[in-house]
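> Input: one structure, supplied below.
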Amino acid sequence: MSTIKLDTCTINYDLDGPAGAPVLVLSNSLGTTMDMWAPQLDALRWKFQLLRYDTRGHGKSTPVPGPYTIDRLGRDVLGLLDALDIERAHFCGISMGGLTGLWLGVNAPERLNKLVVSNTAARVGTAEGWQDRARLVRDEGMPEVADGAASRWFTPHFIQHQPGLVDMLLQQLRSSPQAGYAACCDALEKADLRQDVARISVPTLVISGRHDPVTTTEDARYLVEQIAGSKGVELDASHLSNVEAATEFNRAVVDFLLA
């Protein structure tokens with residue numbers, strides 16, 4: 003693991019894979035870390051340099067005071083690419099990371115080769131919902147959020163049959179810096195790209211989970227309809243489809259990026 007200082011924030015990242023291979027940036031969901039991409043490592047790093055990072059306020063990236071914006075989260079990615087002298091890269095993000103990817107597709111298409119957005123939407127949730135979530139975390143701490151996360155992230159079948167993996171991800175959530183999590187809720191409160199995503203011109207894959215209660219298959223269909231030439235893939239999973247349907251997720255990403 004390494005770190006890079008961007009304005010007031012230190013970003014924790016890891017770059018791993020064959021030298022000279024195309025770079026694939028992996029961007030985590032709210033309340034997780036770069037470790038959430040463990041199910042993808044063996045499938046992807048044989049062909050790509052994987053650039054994983056902890057989103058600002060998560061993991062070992064510093065939780066600088068918020069509020070954050072989706073613009074700030076997107077510019078963190080550009081700053082990371084600049085610092086590592088990477089002109090262009092593939093990008094794959096899930097949930098909040100997917101929304102960051104949409105921002106990049108709108109505002110920095112010249113830095114992207116191909117874009118994969120998973121379990122995300124042009125508008126995630128409601129402003130009131132994110133305000134309430136940020137207030138809850140600031141007042142009560144992370145356990146209040148973690149208590150109901152499993153049912154949002156995974157299907158009952160997966161929770162029953164993979165309790166160790168579920169507990170590991172819930173521990174990431176419980177350990178998330180309180181200030182950083184709340185500041186990212188502030189970013190999601192204001193992030194609305196519904197009027198912008200039609201401007202995305204880079205080749206785009208939209209992955210959704212059939213049982214996702216957070217960002218629905220309808221949200222995914224909206225993105226596919228708005229982004230010219232994009233492709234949609236629906237997996238038998240809930241919100242963290244890269245974990246619950248890892249084999250199918252990996253196949254979809256590899257097939258798309260290598261096509």
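Residue numbers for the sequence shown follow the working numbering, so the first one is 3 and each next one is one higher. Positions of the beta carbon are idealized from the N, C-alpha and C atoms, including for glycine. Note that the coordinates shown come from a computational prediction; the quantities given were computed from them, not determined experimentally.
Extract the residue ranges of the alpha helix (DSSP H) inside the segment 65–140, only unbroken runs of 4 or more that lie entirely within it.
Entirely contained in the segment 65–140, the alpha helix (DSSP H) runs reaching 4 residues are, in chain order, 72–85 and 98–109.
> Okay, do the segment 28–39 and the segment 183–198 touch, 3+ Cβ pairs below 8 Å being the bar?
Touching, yes.
> What is the DSSP secondary structure of Gly150, counted as helix, strand or coil?
In this structure, Gly150 counts as coil in the three-state DSSP scheme.
> Let me know the secondary structure DSSP gives Arg47 once reduced to three states.
Three-state DSSP puts Arg47 in coil, outside helix and strand.
> Residues in its own chain within less than 6 Å of Pro69 by CB, not counting five upstream and five downstream?
Answer for Pro69: Ala185 and Asp188, listed in chain order.
> Say whether the segment 110–123 touches the segment 211–222, bearing in mind that this needs 3 or more beta-carbon pairs closer than 8 Å, one atom from each stretch.
Segments in contact, yes.
> Could you tell me whether the Cβ atoms of Lys233 and Leu207 are closer together than 8 Å?
Closer than 8 Å, so yes.
> Nearest to Ser63 by alpha carbon, out of Leu106, Met98, Ile6 and Gly19?
Of the listed residues, the one whose Cα sits closest to Ser63 is Ile6.
> Counting only the same chain and skipping the five closest in sequence on each side, list residues whose C-beta sits under 8 Å from that of Ala200.
Hits under 8 Å: Gln228, Ile229 and Ala230.
> Under 8 Å, do Phe50 and Leu26 count as touching if we go by C-beta distance?
Against a cut-off of 8 Å, the Cβ pair of Leu26 and Phe50 comes out as a contact.
> Rounded to whole angstroms, what's the CA-CA distance from Asp266 to Lys192? Just pull it up for me.
The question about residue 266 has no answer, for the chain in this structure spans 3 to 261.
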